[in-house]
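*Asks:* Quick one: the structure is below, and I'll ask about it shortly.
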């Protein structure tokens, strides 16, 4: 799969396992998005109790997770995924910030991560 090379994961299964571990919900109901008007860390905390404001999401959580992983691995400018997915550069920016924060919150205390051979 070409996407494996874009994200750095060896298989689609690893990508899917990360997505399942992050548990965004089937319609992103477990994820709150970063908004430029508020930079509080609370805006990206997984919160199932507060209702979603704004327009419904255009992309599936799988696609949203794929964008920051490709951006981090390949160094894509934000306008590249914006063009590919038909969304604005500002939306890509919000997606990247949100998902990087979600990944941090989910993985920061994970002691089961394996060190890369030769670096650990």
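Residue numbers (full-length UniProt numbering): 1 to 120.
For glycine and all other residues, C-beta sits at the position ideal for the given N, C-alpha and C.
Determine the extent of the alpha helix (DSSP H) in which residue 78 is found, giving its start and end residues.
*Replies:* Residue numbering aside, residue 78 sits at position 78 when the chain shown is read from its first letter. Taken as a continuous stretch (DSSP letters only), residue 78 belongs to no alpha helix (DSSP H), as it is neither H nor E.
*Asks:* Any idea what DSSP makes of residue 58, helix, strand or coil?
*Replies:* Here residue 58 corresponds to residue number 58 of the chain shown, with the count starting at 1. Coil at residue 58, not helix or strand.
*Asks:* With respect to the alpha helix (DSSP H) encompassing residue 109, which residues constitute its N-terminal and C-terminal limits?
*Replies:* As a position in the chain shown, residue 109 is number 109, starting the count at 1. No alpha helix (DSSP H) contains residue 109, which DSSP labels as neither H nor E.
*Asks:* Would you report the Cα separation of residue 6 and residue 69, rounded to the nearest angstrom?
*Replies:* For the purposes of this step, residue 6 is taken as residue 6 along the chain shown, with counting starting at 1. For the purposes of this step, residue 69 is taken as residue 69 along the chain shown, with counting starting at 1. Each residue's Cα considered, the two are about 8 Å apart.
*Asks:* Check each candidate in 59, 10, 20, 13 and name the one with the smallest Cα separation from residue 85.
*Replies:* Reading the chain shown from its first residue, position 85 is the one you call residue 85. Measuring from the Cα of residue 85, the nearest candidate turns out to be 59.
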